[in-house]
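Here the protein sequences come in this chain order: A and B. In terms of our numbering, the first sequence opens at residue 1 and continues consecutively. In terms of our numbering, the second sequence opens at residue 1 and continues consecutively.
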Amino acid sequence: MLVLKKIMVVALSITLPTLATAGSFSGFASVGVGKTNQENAKLIDYDATWSGRSDSLIGLQFNHNLTPKLDVTLQVLSRALEESDRSEFQPVVDWLFASYQLTPDLRLRLGRLRTPLFLNSEIYTVGYAYPWARPPLDVYSQPITGVSNYDGIHLSFMKPLEFHDLEMALYLGQSEKTILGQYIDMEVLIGGHVELSGDFTTFRYSFLTGKATQVSPESGAAADLILAFASVDPIIIDIANQSRLDNKWYKYHALGAHWDAGNWQITAEANITIPPSEGLGSNIRGGYLSLSRALGQFRPYVVMGHFDFQLNDRAEQLIFESYNRIPPGQIAGLDVLRLLTLEGYRANDYHGRSSTLGIRYDFHTNAAIKAEFQYFETGTHLSVLTSNAIRQESVHLSTIILEVIF
Amino acid sequence: MPKQHTPLWTVPLIILCLLAIPTEPAKAEIVIIVNPNNPVETLSERDVKRIFLGRLRQFPSTNHTMDVLDQAADSSIYEQFYTEFIGFGLRKLRRYRAAYLFSGKGRLPTEVADHGAVKEKVLTNERAIGYIDASLIDDSVKVIYRWSDGDSQG
Chain A
1 MLVLKKIMVV ALSITLPTLA TAGSFSGFAS VGVGKTNQEN AKLIDYDATW SGRSDSLIGL
61 QFNHNLTPKL DVTLQVLSRA LEESDRSEFQ PVVDWLFASY QLTPDLRLRL GRLRTPLFLN
121 SEIYTVGYAY PWARPPLDVY SQPITGVSNY DGIHLSFMKP LEFHDLEMAL YLGQSEKTIL
181 GQYIDMEVLI GGHVELSGDF TTFRYSFLTG KATQVSPESG AAADLILAFA SVDPIIIDIA
241 NQSRLDNKWY KYHALGAHWD AGNWQITAEA NITIPPSEGL GSNIRGGYLS LSRALGQFRP
301 YVVMGHFDFQ LNDRAEQLIF ESYNRIPPGQ IAGLDVLRLL TLEGYRANDY HGRSSTLGIR
361 YDFHTNAAIK AEFQYFETGT HLSVLTSNAI RQESVHLSTI ILEVIF
Chain B
1 MPKQHTPLWT VPLIILCLLA IPTEPAKAEI VIIVNPNNPV ETLSERDVKR IFLGRLRQFP
61 STNHTMDVLD QAADSSIYEQ FYTEFIGFGL RKLRRYRAAY LFSGKGRLPT EVADHGAVKE
121 KVLTNERAIG YIDASLIDDS VKVIYRWSDG DSQG
């Protein structure tokens, strides 16, 4: 993958001077404020005080056609929200790629790209392009934040059919990211999708598999503590290893449908994340149904979603197995650790539902404002998006956001 | 000679006839034009829609690359072309194009000032394709598709 990084550097050195002189320039921005209804419930970094950090961002894009078949694109994103691997408003290269039209049907892209897992994955940061304040978190949460970009190649094939256009894409690359203190490295990432799009409808199935290594301070510390008892029985090492993920294959599948005719717009998506059978991993299922209707410049919408999160239960099985081999009462320290580990795993299994009501107002050719109210039943499911979420039975989130393109 | 009165029954008839006269200005007949040296002779309705929505990047029969031209976004022909022919309202079009552009799918059409600017570009660029009012066509451009309010032909 070092080769890919070298290609990126070369592409950047070629692209930037060219773009500066002859490219076209465009951009988008979001300025959002939001708050939850509870002091101790932080959702996507919003708390009970109005704050403008989580959704505010600016993106700048340069495009240049080097030849009629060869384009280069650079998109730099600056977000107000501080992350583990970047400071507040630190610009990050979100897209940087060269695109070559091999044949009328076949296009090759090479560089840094967004992982096209869901219908809105590639435009997740471009709020103007979708009706909501942000794509529904029931689907667009951890699976996408961990692997939102990759460095690699993307080959797409487009074929007109009688009523729809068929697009098939395959991509290969690698991704490395630190999010909420967790280091996620996809040493190899392979994905693809099949999409049928017509005048009013879009259907998409996509898949992604990646050889993942995940390191988090908490799970690493837990594993180290358990390993202190490694000499007692080999099963202890197996239990400790369940707190780590080291070069194991994760799998993602997603289905999406979008219908946009006249004033009505309906979107539905569902996804499933399948963790490796061993090691730290979570089985995630999510889905949503969104309905909106244009009323002149206004577009009210409603979204219903659900989210299931279950940590790999292999560790629990091993702990129960260890009770047969090392019965409780023999080693007090190990007993406490086993109990805490079991509690930790159970606490991380949760099911949530969300309901969203919002309205978009296109008050200008290139600008819209949205106001959104969300109700999360078992708000815990959003803890995947914030480092210090406190579990609540229900949480409300209100957001007002201004979206601009230029 | 006795004065001849207009029969009373003709009054509602005249009103009906007046009502039947269209009050809206006539819609432009739109044509898709290319350079006369472009080997493409005709395009289907679907291909034209695909081209202006960025789903078709090369001329279908010749595989030549293309430079797509748009008229000014605030012009009446732009609105008519996209809302009535392509079938995208302007808000939907702006959302679609924002998604298209910022997801790196490709370039947007080049916007030029008016019909004359489209013709001029087409005249000087063999890869160019644009739309103009049918009343403005002449020998300097080749028509490969014609559309008039619900009636179209390749």
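Positions of the beta carbon are idealized from the N, C-alpha and C atoms, including for glycine. These figures come from a predicted structure and were not determined experimentally.
Mind checking which residues open and close the alpha helix (DSSP H) that includes residue i?
i, result
"Q80 of chain B", "S76 to Q80"
"I51 of chain B", "E45 to F52"
"R94 of chain B", "L90 to F102"
"P217 of chain A", "P217 to L227"
"V118 of chain B", "H115 to T124"
Closest by CA to residue i, which one among the options?
i, options, result
"V188 of chain A", "A:T49, A:D246 and A:E167", "A:D246"
"N348 of chain A", "A:R79, A:F309, A:S398 and A:L60", "A:F309"
"M186 of chain A", "A:D224, A:L208 and A:T125", "A:L208"
"A421 of chain A", "A:T73, A:E278 and A:Q182", "Since the first and last residues shown for chain A are 1 and 406, residue 421 of chain A lies out of range."
"S26 of chain A", "B:L108, B:W147, B:A72 and B:V143", "B:L108"
"L117 of chain A", "A:E82, A:L172, A:G192 and A:P131", "A:G192"
"Y46 of chain A", "A:H396, A:G181 and A:A315", "A:H396"
"V303 of chain A", "A:L311, A:L291 and A:F157", "A:L291"
"D67 of chain B", "B:S61, B:R57, B:S76 and B:L53", "B:R57"
"L311 of chain A", "A:I284, A:L289 and A:F320", "A:I284"
"A257 of chain A", "A:P217, A:S197, A:S394 and A:S216", "A:S197"
"G305 of chain A", "A:G286, A:Q317 and A:A315", "A:G286"
"R112 of chain A", "A:D199, A:V215, A:Y150 and A:F200", "A:Y150"
"A222 of chain A", "A:L280, A:G146 and A:W50", "A:L280"
"F200 of chain A", "A:G220, A:H64, A:G262 and A:F62", "A:G262"
"A113 of chain B", "B:R50, B:G130, B:I86 and B:G87", "B:G130"
"L110 of chain A", "B:K105, B:E111 and B:T110", "B:K105"
"S141 of chain A", "A:L172, A:E372, A:L180 and A:M168", "A:L180"
"E316 of chain A", "A:A254, A:Y288, A:L295 and A:S243", "A:S243"
"H115 of chain B", "B:F81, B:V48 and B:F85", "B:F81"
The beta strand (DSSP E) that contains residue i, what's its start and end?
i, result
"N63 of chain A", "L57 to T67"
"N247 of chain A", "L245 to A261"
"I237 of chain A", "Per DSSP, I237 of chain A belongs to no beta strand (DSSP E); it is in the alpha helix (DSSP H), P234 to N241."
"Q71 of chain B", "Neither: Q71 of chain B is in no beta strand (DSSP E) and is coded neither H nor E."
"H154 of chain A", "N149 to P160"
"G130 of chain B", "A128 to D133"
"Q90 of chain A", "Here Q90 of chain A belongs to no beta strand (DSSP E), and DSSP marks it neither H nor E."
"A129 of chain A", "No beta strand (DSSP E) holds A129 of chain A; DSSP gives it neither H nor E."
"R79 of chain A", "L70 to R79"
"R107 of chain B", "No beta strand (DSSP E) holds R107 of chain B; DSSP gives it neither H nor E."
"R146 of chain B", "K142 to S148"
"V31 of chain B", "I30 to V34"
Which residue or residues does DSSP assign as beta-bridge partners of residue i?
i, result
"Q101 of chain A", "A:R107"
"T36 of chain A", "A:L397"
"Y301 of chain A", "A:S292 and A:G358"
"A169 of chain A", "A:S156 and A:H193"
"N271 of chain A", "A:A254 and A:G286"
"E403 of chain A", "A:S30 and A:A368"
"T201 of chain A", "A:W259"
"L113 of chain A", "A:Y150"
"E176 of chain A", "A:D185"
"F309 of chain A", "A:I284 and A:Y350"
"K42 of chain A", "Note: K42 of chain A sits in no beta bridge, so no partner."
"L96 of chain A", "A:L74 and A:R112"
"T83 of chain B", "Answer is none; T83 of chain B lacks a bridge partner."
"Y375 of chain A", "A:S355 and A:H396"
"T213 of chain A", "A:D185"
"F25 of chain A", "A:F62"
Taking 6 Å as the cut-off, is the CB of residue i close to at least one heavy atom of the ligand GTP?
i, result
"Q75 of chain A", "You won't find the ligand GTP in this model; it holds no ligand whatsoever."
Residues of chain C with a CB under 7 Å from the CB of residue i: which are they?
i, result
"N63 of chain A", "No chain C is part of this structure, whose protein chains are labelled A and B."
Stretch pair the region 53–61 of chain A + the region 30–37 of chain A: three plus CB contacts closer than 8 Å = Yes, the region 53–61 of chain A is in contact with the region 30–37 of chain A.
Examine the Cβ distances between the region 320–338 of chain A and the region 264–280 of chain A and report whether three or more of them are shorter than 8 Å.
-> Using a Cβ-Cβ distance cut-off of 8 Å, the region 320–338 of chain A and the region 264–280 of chain A are not in contact, since fewer than three pairs of beta carbons, one from each stretch, lie closer than that value.
Is the region 127–139 of chain B in contact with the region 90–101 of chain B, if contact means three or more CB pairs nearer than 8 Å?
-> Remark: fewer than three beta-carbon pairs, one from each stretch, lie closer than 8 Å, so the region 127–139 of chain B and the region 90–101 of chain B are not flagged as touching.
Pairing CB atoms from the region 162–180 of chain A with CB atoms from the region 229–244 of chain A, are three or more of them under 8 Å?
-> Contact between the region 162–180 of chain A and the region 229–244 of chain A is absent: fewer than three C-beta pairs spanning the two stretches fall below 8 Å.
Using 8 Å as the threshold, is the region 153–163 of chain A in touch with the region 252–268 of chain A, meaning 3 or more CB pairs across them?
-> Two segments are said to touch when three or more pairs of C-beta atoms, one from each, lie closer than 8 Å; by this definition the region 153–163 of chain A does not touch the region 252–268 of chain A.
Secondary structure, alpha helix (DSSP H): runs of 4+ residues fully inside the region 320–367 of chain A = Fully enclosed alpha helix (DSSP H) runs of 4 or longer: 332–347.
Given 8 Å, three or more beta-carbon pairs between the region 26–41 of chain B and the region 110–123 of chain B = A contact between stretches requires three or more CB pairs, one per stretch, nearer than 8 Å, and the region 26–41 of chain B meets this requirement with the region 110–123 of chain B.
Counting pairs of Cβ atoms below 8 Å between the region 63–72 of chain A and the region 118–131 of chain A, do you hit three or more?
-> Taking 8 Å as the limit for Cβ pairs, the verdict is that the region 118–131 of chain A does not touch the region 63–72 of chain A.
Does the count of Cβ pairs from the region 282–299 of chain A and the region 361–374 of chain A closer than 8 Å reach three?
-> The region 282–299 of chain A, when compared against the region 361–374 of chain A, does touch it at the 8 Å Cβ threshold.
Within the chosen definition, does the region 88–95 of chain B reach the region 98–109 of chain A through at least 3 CB pairs nearer than 8 Å?
-> For the pair of segments examined, the region 88–95 of chain B was found not to touch the region 98–109 of chain A: the number of CB pairs separated by less than 8 Å stays below three.
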